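*Asks:*
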Amino acid sequence: MKQMRISLTISLKRALYIIAHFLVTIQLNSCFLKQDRTTTVYGTITDQSGAPIDSILVIMQGAKSMTYYETLHQVYTDEDGKYELLLDLAKKYHSIDIGMPFWLDENPKYVKLFKINTIHKDDNRTNNCCKAIVGKKTKYDFQLIRR
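Note that the UniProt record's numbering numbers the sequence shown so that position 142 is 142, with each residue one more than the last.
1) So residue 100 and residue 58 are in contact, right, with Cβ under 8 Å, and what is the actual spacing, rounded?
2) Starting from the C-beta of residue 141, find all residues in its chain whose C-beta is less than 7 Å away, skip the five residues before and the five after it, and write them out in chain order.
3) Please work out which residues of its chain come closer than 7 Å, Cβ to Cβ, to residue 116, disregarding the five sequence neighbours upstream and downstream, and give them in chain order.
4) When you compare each of 128, 66, 97, 126 to residue 72 by their alpha carbons, which one comes out closest?
5) Going by beta carbon distance, what residues of the same chain come within less than 8 Å of residue 49, once the five residues before and after it are set aside?
6) If you draw a straight line from the C-alpha of residue 46 to the C-alpha of residue 139, how long is it?
Below, the structure written as structure tokens:
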């Protein structure tokens with residue numbers, strides 16, 4: 001009887017060890033498989049002569065579907081024309097768009113005085129504006145011209 005108890009105790013300890021090892025392995029895998037959704041978009045807004053433009057509103061919108069976008073973050077350019085949007089994107093958004101809204105009350109300087117001339121994504125000129133990759137850092141520079 002004593003031999004059976006010892007054997008049962010050893011078997012129980014082994015089973016608990018295996019279960020604990022299995023749970024730790026699953027927990028570690030879920031940490032490594034978790035995608036980093038921290039998305040950064042930054043850049044500079046200048047005029048056609050290269051002078052920085054301050055007080056231009058730049059927004060980050062998350063797409064929940066092909067037609068539904070929600071503004072997630074917004075920032076105004078500083079005196080050097082620079083902006084940065086940083087966001088840990090929720091999983092319900094599958095893509096990010098960046099832009100300068102045509103809202104007269106919130107972006108009057110842009111709406112009244114400027115329009116986009118050229119766009120550079122990661123220092124390469126592009127006409128395909130303005131998607132950011134989820135979990136990455138993307139640079140968008142905008143050159144504006146007077147209306």
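From the three backbone atoms N, C-alpha and C, an ideal C-beta is built for every residue, glycine too. Given the structure is predicted, the values throughout are model-derived calculations rather than measurements.
*Replies:* Put simply:
1) 6 Å
2) 43, 44, 120
3) Residues 142, 144 of the same chain have their beta carbon placed closer than 7 Å to that of residue 116, with the five preceding and five following residues left out of the count.
4) Cα-wise, what sits closest to residue 72 is 97.
5) none
6) Across the structure, residue 46 and residue 139 are spaced so that their CA atoms are roughly 14 Å apart.
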